[in-house]
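Structure first, then comments.
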Amino acid sequence: MTAFDQLHPGLQHHIVNSLGWKELRPFQEEVIPVILRGNHVVVVAPTAGGKTEASALPVLSRMLSEDWRGLSVLYLCPIKALLNNLHIRLSRYATLVGRTCSVWHGDISPTGRDRIKRDRPDILLTTPESLEVMLVSRKVDPQTLLSQVRVVIIDEMHAFASDDRGWHMLSVLERVSCLAGRELQRIGLSATVGNPEQLLQWLISGSKNASTVVRPPEASAKQAAVQLDYVGSIKNAAVIISRLHRGEKRLVFVDSRTRAEELGAELGRLEVKTFITHSSLSKDQRARAERAFAFETDCVIVATSVLELGVDVGDLDRVIQIDTPSTVASFLQRMGRTGRRNEIERNCLFLATHDYALLQAAALLDLWSQGFVEEVIPPPIPYHVFIQQLLTLVLQNSGFIRSDWHKWIGKVLAFAELEDGRADDMIAFALEHQLLGEDGGVLHIGMEAERKLGRRHFSELLSVVTSQPLFQVRFGRMEIGFVHPLSFVTRKDRPTILALAGRGWKIHHLDWDRKIAHVEPAPETGRSRWMGSSVPLSPTLCNAVRDLLLASDMNMNPLWSRRAVEKIAELRHDLSDCCGEGSVIARRGNSIEWWTFAGLAANQTLVQYLQPHIQSSLHADNFWINLPVDISFERLYSIIQDLRSTESLPVCDLQQPAADFLKFSDLLPDHLLRDLILARLGNIPLAREIVNMSISTIDCHL
11 MTAFDQLHPG LQHHIVNSLG WKELRPFQEE VIPVILRGNH VVVVAPTAGG
61 KTEASALPVL SRMLSEDWRG LSVLYLCPIK ALLNNLHIRL SRYATLVGRT
111 CSVWHGDISP TGRDRIKRDR PDILLTTPES LEVMLVSRKV DPQTLLSQVR
161 VVIIDEMHAF ASDDRGWHML SVLERVSCLA GRELQRIGLS ATVGNPEQLL
211 QWLISGSKNA STVVRPPEAS AKQAAVQLDY VGSIKNAAVI ISRLHRGEKR
261 LVFVDSRTRA EELGAELGRL EVKTFITHSS LSKDQRARAE RAFAFETDCV
311 IVATSVLELG VDVGDLDRVI QIDTPSTVAS FLQRMGRTGR RNEIERNCLF
361 LATHDYALLQ AAALLDLWSQ GFVEEVIPPP IPYHVFIQQL LTLVLQNSGF
411 IRSDWHKWIG KVLAFAELED GRADDMIAFA LEHQLLGEDG GVLHIGMEAE
461 RKLGRRHFSE LLSVVTSQPL FQVRFGRMEI GFVHPLSFVT RKDRPTILAL
511 AGRGWKIHHL DWDRKIAHVE PAPETGRSRW MGSSVPLSPT LCNAVRDLLL
561 ASDMNMNPLW SRRAVEKIAE LRHDLSDCCG EGSVIARRGN SIEWWTFAGL
611 AANQTLVQYL QPHIQSSLHA DNFWINLPVD ISFERLYSII QDLRSTESLP
661 VCDLQQPAAD FLKFSDLLPD HLLRDLILAR LGNIPLAREI VNMSISTIDC
711 HL
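For the sequence shown, the positions run 11 to 712 when my numbering is used.
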């Protein structure tokens, strides 16, 4: 019996007659029976591979066959744009068989939410944060709304698993499972990753029910048109984009919101129809870009990683990457946006705007050609998520007995594996600092938590993502987007011009109390800023860069353009002395650099070990550590020898920078915060390996 034959007859009818499908894809034939049996499953397939239908069709079939009523299916996505996009498709499928589908996220009006509470849909698309709002809000009865949930589908699961939103999501799902009184069937949809079995175990949180991974064969590198070019600047990149592939729809990825606005402005000057989308644009501006995905043809869409996820961009012709993503997996996601039409093969053009971006892109393509894909590793020991969950459980239940946390979230792997006494330490700290109170054995919200987090009904507590202090930008009544206050810093004799939504805006009034920048259109382009941080690269990619620099000039990849070939040959000549079997300490110009190619985490750890012995401040990136020019090779080597001779490297202090990026870090006792930061920001084993390996020195002045 085929998978199609196992579906409900009513659904079979509409697949053939309403959707006009002649057959299912081979991997859908494999996925559908697994879901029909009620198994947990992780489906690994490229973007636009049909994962949504592979999960939705068997779930709808079970809904009909087993006569599920009420809200029975949750569909979770990491971003609102993807929810909006999928809502159209899933509503169509549900309506065909007489069922309903709704969406709930931060842009949905109170009227829309009231409609969902009053007339519960069969399928609800939402984010983990909005789902937690449903659990704690006084305006929602979570027992009534969520007690019939049976299945949860997690789209773009790899995006959740790679950061703390994943631990938050799993915690919230355990709480929904408790309300429903049943184990939820968990269906994870993921892009290509290197460790799907490990992610399956992360997803199912120790469940003993049957579970499996389904993944179709990967397309080979030979089935894609990929080229790497060196252009030297964002302005040159815009010129090339304006001249290439005219008449086609081109999606251009950049690495930041600032770069998106810069490229959008340059393309605008070249009279290229351009749409920009990133997380700091207003709802209306994002909707404008989303419409372009569906209906425009001859245009350029400039996007940050927000469009790396599965938002439907229609029949896309070209993907262009400014500089490079940090992982092969991310590259595969982006390139996977193309190739949906038979006459268009998967393609990606890299335009490197500076030297290190060129090296990183070339190394990444080498790894891709070898079939390498990174593993997705959930961040370790999320103590701060645990304390956040305790506080929201208190809100949900209007207080609860401290040991009951096991019942609500104890199955989440990270919490099930807490070392003895860790949970008690966190609860004791919360009680001591009045984050929690206790009355007759029942925990309740403490006075300090009310003061720190109680504004707007504890809204800041309902997300584990740190938000920047952004200003809203408004033109009259129209909201344009959001910028960081650093955007307002300029010379006194010049007006402040912002770049947002692809054009310039002149500030005529700043409302500091309400954090609103009132603007008017400006003919010239400006600049907007958002805070960012160095992107950590894996040691594997960093070592691939070293291998690239050590290779012979005869070894030039056919994917490289002539300009890329010439620039890489030049960089090999300049930097090959910095590469070796071990690490290299080089005096270059006015600095000394310790070239490790170990990645940012290991290099930051090494900086912390070196800093007590060196008065000047040190700086690390993914490839090297910058040292003061006045330190001698002999002194540096002596410090490293001392580190080698110790039985264990000293515990370094990475605590201060972490408070800036780790939300709820101030809710943890110092010793647990220290453990958490060392586990996340440092790479002690690799740092020890670097210290113990051979070190050579060169003086580029000689």
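For glycine and all other residues, C-beta sits at the position ideal for the given N, C-alpha and C. Being a predicted model, the structure only gives us computed values, none of them experimental.
Coarse secondary structure for residue 666, derived from DSSP in three states: For residue 666, the predicted structure reports a pLDDT of 49, less than 50, and the residue's modelled location is therefore unreliable. The matter cannot be settled from this model.
Length-filtered (3 minimum) beta strand (DSSP E) runs lying within the stretch 67-113: Entirely contained in the stretch 67-113, the beta strand (DSSP E) runs reaching 3 residues are, in chain order, 83-86.
Element boundaries [alpha helix (DSSP H), containing residue 20]: Residue 20 -> alpha helix (DSSP H) spans 19-27.
Run of the alpha helix (DSSP H) containing residue 16, from where it starts to where it stops: Start and end: 13-16.
Cut-off 7 Å between Cβ atoms - residues of its own chain near residue 23, not counting five sequence neighbours on either side: Residues of the same chain with their beta carbon placed closer than 7 Å to that of residue 23 are lacking, with the five preceding and five following residues left out of the count.
Cross-strand partners of residue 531 (DSSP beta bridge): Residue pairing by DSSP places residue 531 opposite 515 in a beta bridge.
Pairwise C-alpha distance: residue 317 and residue 17: Roughly 32 Å separates the two Cα atoms.
Inter-residue spacing [alpha-carbon to alpha-carbon] between residue 570 and residue 328: Between the alpha carbons of residue 570 and residue 328 lies a gap of roughly 18 Å.
Nearest-angstrom Cα separation, counted from residue 388 out to residue 205: Put simply, the backbone Cα of residue 205 is about 11 Å away from that of residue 388.
Boundaries of the beta strand (DSSP E) in which residue 313 is found, first to last residue: Residues 309-313.
Secondary structure of residue 55, DSSP reduced to three states: DSSP places residue 55 in coil when its eight states are reduced to three.
Span of the alpha helix (DSSP H) around residue 118: Annotation: residue 118 is outside any alpha helix (DSSP H) and is labelled neither H nor E by DSSP.
Local Cβ density within 10 Å of residue 305, reported as buried at 16 or more and exposed below that: Burial call: exposed.
Rounded C-alpha distance that separates residue 261 from residue 154: Taking the straight line from one Cα to the other gives about 43 Å.
Segment contact flag, the stretch 206-223 with the stretch 36-54, C-beta cutoff 8 Å, min 3 pairs: Output reads yes: the stretch 36-54 touches the stretch 206-223.
Integer Cβ distance of residue 124 from residue 90, believed to fall under 8 Å: Not confirmed; about 19 Å, so no contact.
Residue 83 versus 203, 341, 110, 483, residue with shortest Cα-Cα distance: Residue 110 holds the alpha-carbon nearest to the alpha-carbon of residue 83 among 203, 341, 110, 483.
N- and C-terminal bounds of the alpha helix (DSSP H) containing residue 178: From DSSP, the alpha helix (DSSP H) with residue 178 extends over 174-190.
Alpha-carbon to alpha-carbon, residue 60 and residue 35: Put simply, the backbone Cα of residue 35 is about 8 Å away from that of residue 60.
Closest Cα partner of residue 280 within the set 442, 150, 203, 245: Out of 442, 150, 203, 245, 245 has the C-alpha closest to the C-alpha of residue 280.
DSSP-derived helix/strand/coil call for residue 692: Here residue 692 sits in coil by DSSP.
CB-CB length for residue 257 against residue 325, believed under 8 Å: Cβ-Cβ separation between residue 257 and residue 325: approximately 13 Å, too far for a contact (criterion under 8 Å).
Alpha-carbon spacing of residue 638 relative to residue 299, whole angstroms: Between residue 638 and residue 299, the C-alpha separation is close to 47 Å.
Residue 698 - DSSP class collapsed to helix/strand/coil: Note: residue 698 maps to helix in three-state DSSP.
According to DSSP, residues forming a beta bridge with residue 489: DSSP lists 484 as partners of residue 489.
Outcome for residue 710 when other beta-carbon atoms lying within 10 angstroms are tallied against a minimum of 16: Flag for residue 710 reads exposed.
Residue 162 versus residue 412: straight-line alpha-carbon distance, rounded: Looking at the two C-alpha atoms, the distance is approximately 28 Å.
Close-in-space but distant-in-sequence residues of the same chain around residue 621 (CB under 7 Å, 5 per side omitted): Taken in chain order, the residues that qualify are 628.
Other residues of its chain near residue 623: CB distance less than 6 Å, five sequence neighbours each side excluded: Scanning its chain for C-beta atoms nearer than 6 Å, with the 5 sequence neighbours on each side dropped, one finds around residue 623 the residues 649, in chain order.
Start-to-end residues for the beta strand (DSSP E) that takes in residue 329: Here the beta strand (DSSP E) through residue 329 covers 328-332.
Counted within 10 angstroms of its Cβ, other Cβ atoms place residue 11 as buried (16 or more) or exposed: Exposed: under 16 other Cβ atoms inside 10 Å.
C-alpha gap between residue 714 and residue 701, whole angstroms: This structure cannot settle anything about residue 714, because the visible part of the chain is limited to 11 through 712.
Beta carbon of residue 194 nearer than 8 Å to that of residue 187: With respect to residue 187, residue 194 sits close: the two C-beta atoms are nearer than 8 Å.
Same chain, Cβ closer than 8 Å to residue 666, neighbours up to 5 away in sequence not counted: Low confidence applies here, because residue 666 scores a pLDDT of 49, under 50, leaving its location unreliable and the question unanswered by this model.
Residue range of the beta strand (DSSP E) that includes residue 208: Premise fails: residue 208 lies in the alpha helix (DSSP H), 206-214, not in any beta strand (DSSP E).
For residue 222: DSSP bridge partner residues: Its beta-bridge partners are 51.
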